[in-house]
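Student:
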Amino acid sequence: MKKFQGADFCGFDTLLSEEEVMVRDSIREWVDAEVIPVVDKHFQEDTFHMPWKDQLAEIGVLGAGLTGHGGGGMSSVCTGLIYQELERGDSGIRSFASVINGLVIYPINEYGSEEQKEKWLPRLVNGEAIGCYGLTEPDFGSNPGGMLTRAEKTADGWVLNGTKRWITNGSISDIAVVFAKTKEGIRAFLVETDREGFTAPLIKEKWSLRASVTSEIIMEDCVVPEGSLMPGSDLGLKTALSCLNQARYGIAWGAIGSMMACYDEGLNYVMARTQFKGKPLAGHQLVQKKLSNILTEITKAQFMTLQVGRLKDQGLANYAHISMIKRNNCYWALRIARMVRDMLGASGITHEYQAGRHMLNFESVKTYEGAHDIHHLILGDYITGIPAYE
Amino acid sequence: MNILVLLKRVPDTAAKIKVAADGMAIDPAGVEFVINPYDEIAIEQAIQLKEAGGGKITVLCLGPKAATKDIRTALAMGADEGILLVDDTAGRDAVATADALAAAAGDVEFDLVLAGWKSVDTDDGSVTHFLAAKLGIPCVTLITKLELGDGQVAAHREVEGVTEVVEVKLPAMLTVQKGLVEPRYTSLKGIMMAKRKKIDERAAEAGEPKIRIRTMTPPPPRPEGRIVGEGADAVPALMQALSDEQKLL
């Protein structure tokens, strides 16, 4: 197979530091060697490739953005580039990493107790422990504030009851960041998954994210000590949403990786494949229109996303910026995967090509971490000051 | 033990090479450059020796300013310091290159010099020999295994039909062959640490060129393939083409 070529139409790389280029290239090389050769098998078999966990720890992806506790202390732009490269391989492996980094390590570091930090952060960074994040429920996705999960105070701890759904890494996790309503409001809990009353059955037979573990979390009279409460969590949704901002930011970059994977594959195919008297497909007007649209959208996404990353590194990126890049990039990643699937003709329906896999994955990525339409409402609310959610 | 590793920046082996307009060099436009893969093996070997017994690894490179990226990669893998002898002359000949490297090596304390047995761009493979001669140290080429002893090293070489094990006193130059060790991935932590490591940049003191490139031409295009037939019926025609026309059988 021809070596993957990223897209750089407008001198994007000139805006990156030498270190940022090295970070991107090192992950790209790793994905070429360790993800591309095995990912399709796992996608077909509906399994997560467990050796990735230790490898991701070894190369420093887990905890890349964390300062202290063994983390890499990397900038938002560097971590963004890491997600871009991971998702060029597959959305499943990017999901695995961004859940651990954005939705487990981040909240423990921001809202956890010293004890929780010291116990779990080093283990999550070195790959000893896997974590997941339980906010969404079967009946409360876009409206997490309506959650039914309850935490009742006892003399020396809490009793948790409720069900969470669409939980990446759920069945393979050692700990879960779980949100539950207390008398005072919504709080976050850090729950060991081997606690009595805690189960995390696998959701099987998905069309999408098949190389990733997706689960339910069921808590039935799950007793946890007082120390499981994350003391820094607020009484509303602020804590939960701040974590989602981290993950959404990573997804926006990841989507660019998927776009590039599909563009590279489609371009190689139409340049090589001939029809009608030996003319390459690439020489036909409708194909060129697709290529030009795709390259334009990748280029727009790159600059917008990099700028949000630069703002984030200066502490100036807000949730609306992140909402815009998450929605836009996922929307175009899905459209581009579909366009490339078209360009591949009949071959595009086989597992010999990746566009179909990216296309199916992005049905999820467009939907999770704030569905496409919800991001319109977030930005709409930001522009007008009039919330239109309900 | 202190180790000096030689590094060259070369076009990626997957790159499509085009000859520049002047017909004297390759056109670098659109070509991705990487560390010479054999030098990467030398870097890995140096790191493994350092991990086992301590010491310091200095990476020495003659090349354009852009080669700082490649030195930085070696530092991210685990080398300690870099020296870049800045030289924009494409195709600097081996003797002149060795002159410049020898001058810089004089400032470095080392017990061992490691380098790829050749660079994959020019396939010349002689810089290391000239450099060893200039430094007055022995040179063992094409090694596939290395055993460090007290003040000496045993090196395995795969030569025609046998494995030869040679002993050499340190300091020495060893040029490495594929199979010695497998280069590691650069870790993100290594990249962060490499930021703080020193790269000393200075102008290359390359001597007068002894060799001048007169022309560079691409190989002739391959003749188009020919389909002699389809299925089992085509076998006799194929056999005939292979034996009579191509003289391959």
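Here the protein sequences line up with chains A and B, keeping their order.
Going by the numbering used here, the first sequence opens with residue 1, and the numbers climb by one from there.
Going by the numbering used here, the second sequence opens with residue 1001, and the numbers climb by one from there.
Using N, Cα and C, we set each Cβ at its ideal position, and we do this for glycine too.
All of these numbers come straight from a predicted model, not from anything done at the bench.
#1: I'd like to know if Lys238/A contacts chain B, where contact means its C-beta is closer than 8 Å to some C-beta of that chain.
#2: Going straight from the alpha carbon of Ala1020/B to that of Ile1026/B, what length do you get?
#3: For Ile93/A, is the classification buried or exposed, using 16 other Cβ atoms within 10 angstroms of its Cβ as the cut-off for buried?
#4: Beta-carbon of Glu18/A versus every beta-carbon of chain B: anything under 8 Å?
#5: Counting only beta-carbon separations shorter than 8 Å, does Leu1180/B have a partner in chain A?
#6: What three-state label does DSSP hand Gln285/A in the structure shown?
#7: Excluding the 5 residues flanking Glu1109/B on each side, which residues of the same chain have their C-beta closer than 6 Å to its C-beta?
#8: What is the rounded straight-line gap between the Cα of Ala371/A and the Cα of Ala301/A?
#9: For Gly1125/B, collect the residues of the same chain with a Cβ closer than 7 Å to its Cβ; drop the 5 residues on either side in sequence, then sort them by chain order.
#10: Spatial neighbours of Tyr83/A within its chain, please: C-beta separation below 8 Å, excluding the five flanking residues on both sides.
#11: If Tyr263/A and Ile298/A are in contact, beta carbons under 8 Å, what's the gap, nearest whole angstrom?
#12: Which residue from Thr47/A, Lys312/A, Ser228/A, Ile108/A puts its Cα closest to that of His69/A?
#13: Taking the C-alpha atoms as reference points, what is the distance between Leu360/A and Trp332/A?
#14: Mapping DSSP to helix, strand and coil, what is His49/A?
#15: Which residue spans inside the stretch 238 to 275 of chain A form an unbroken alpha helix (DSSP H) run of at least 4?
#16: Specify whether the stretch 16 to 34 of chain A and the stretch 1185 to 1197 of chain B touch according to this definition: at least 3 beta carbon pairs, one from each stretch, less than 8 Å apart.
#17: Which residues share a DSSP beta bridge with Pro225/A?
#18: Taking the alpha carbon of Ile20/A as the reference point, which residue from Phe4/A, Ala337/A, Leu81/A has its own alpha carbon closest?
#19: From the DSSP output, in three-state form, read off Thr1141/B for me.
#20: Buried or exposed: which applies to His351/A, given that a residue is buried once 16 or more other Cβ atoms fall within 10 Å of its Cβ?
#21: Please tell me whether Tyr1185/B has its Cβ less than 8 Å away from any Cβ of chain A.
#22: Quick check: what's the CA-CA separation for Ser364/A versus Val308/A?
#23: Please tell me whether Lys164/A and Ile217/A are closer than 8 Å, where the distance is taken between their beta carbons.
#24: Just the C-alpha distance for Gly1023/B and Leu1007/B, rounded to the nearest angstrom, thanks.
#25: Under the rule that 16 or more other beta-carbon atoms within 10 Å means buried, what is Arg1214/B, buried or exposed?
#26: Any beta carbon from chain B within less than 8 Å of Ser26/A's own beta carbon?
#27: Would a check of beta-carbon distances place Met1193/B closer than 8 Å to chain A?
#28: Please list the terminal residues of the continuous beta strand (DSSP E) segment that includes Gly1125/B.
#29: Counting only Cβ-Cβ distances shorter than 9 Å, please list the residues of the stretch 1001 to 1014 of chain B near chain A, keeping chain order.
#30: Please report the straight-line C-alpha distance between Glu196/A and Ile167/A, rounded to a whole angstrom.
#31: Apart from the five residues just before and just after Ser173/A, which ones in its own chain have a Cβ nearer than 6 Å to its Cβ?
#32: Whose C-beta lies closer than 7 Å to the C-beta of Gly1030/B among residues of the same chain, with five residues either side of it excluded?
#33: Looking at the unbroken alpha helix (DSSP H) that takes in Phe189/A, where does it start and where does it end?
#34: Just to confirm the assignment, what range does the alpha helix (DSSP H) spanning Thr1163/B have?
#35: Can you grab the Cα-Cα spacing for the pair Val38/A / Ile294/A, in whole Å?
#36: How is the beta strand (DSSP E) around Pro1011/B delimited, first residue to last?
Tutor: So, to answer that:
#1: It does not: the Cβ of Lys238/A has no partner Cβ on chain B nearer than 8 Å.
#2: Just so you know, the alpha carbons of Ala1020/B and Ile1026/B end up roughly 5 Å apart.
#3: Around the CB of Ile93/A, 16 or more other CB atoms lie within 10 Å, so the residue is classed as buried.
#4: Output row for Glu18/A: interface = yes.
#5: It does not; no Cβ of chain A falls within 8 Å.
#6: Reduced to three states, the DSSP call for Gln285/A is helix.
#7: If we look at Glu1109/B and ignore the five residues flanking it on each side, its Cβ neighbours are Asn1002.
#8: Straight-line Cα distance between these residues: approximately 18 Å.
#9: Excluding positions up to five away in sequence, the list reads Trp1117, Lys1118.
#10: Result list for Tyr83/A: Arg94, Ala97, Ser98, Gly250, Ile251, Trp253, Gly254, Gly257, in chain order.
#11: Separation of the CB atoms of Tyr263/A and Ile298/A is rounded to 6 Å, and the pair is thereby assigned contact status at 8 Å.
#12: Per the Cα distances, Ile108/A.
#13: Computed Cα separation, rounded: 13 Å.
#14: Secondary structure at His49/A: coil, using DSSP grouped into helix, strand and coil.
#15: Complete alpha helix (DSSP H) runs here, min 4: 238 to 272.
#16: When C-beta atoms of the stretch 16 to 34 of chain A are compared with those of the stretch 1185 to 1197 of chain B, three or more pairs fall below 8 Å, so the two segments count as touching.
#17: When DSSP reads this structure, Pro225/A sits in a beta bridge with Gly157/A.
#18: It should be pointed out that residue 20/A corresponds to Glu in this sequence rather than to Ile. The candidate whose alpha carbon is nearest that of Glu20/A is Leu81/A.
#19: Strand.
#20: Exposed, since its Cβ has fewer than 16 Cβ neighbours within 10 Å.
#21: Cβ-Cβ to chain A under 8 Å: yes for Tyr1185/B.
#22: Approximately 23 Å, taken between the alpha carbons.
#23: In contact: Lys164/A and Ile217/A (Cβ atoms closer than 8 Å).
#24: One alpha carbon belongs to Gly1023/B, the other to Leu1007/B, and they sit about 26 Å apart.
#25: That one is exposed.
#26: Interface flag for Ser26/A against chain B is set, since a Cβ pair is found closer than 8 Å.
#27: Output row for Met1193/B: interface = no.
#28: Careful: Gly1125/B lies outside any beta strand (DSSP E) and carries neither H nor E.
#29: Residues Asp1012, Ala1014.
#30: Whole-angstrom Cα-Cα distance: 19 Å.
#31: For Ser173/A, where only same-chain residues beyond five positions count, the Cβ hits under 6 Å are Ile130, Gly131, Cys132, Thr193.
#32: So no residue of the chain qualifies.
#33: From DSSP, Phe189/A is part of no alpha helix (DSSP H) but of the beta strand (DSSP E) over 186 to 192.
#34: Not the alpha helix (DSSP H): Thr1163/B falls in the beta strand (DSSP E), residues 1162 to 1169.
#35: Looking at the two C-alpha atoms, the distance is approximately 27 Å.
#36: Element bounds for Pro1011/B: 1009 to 1011.
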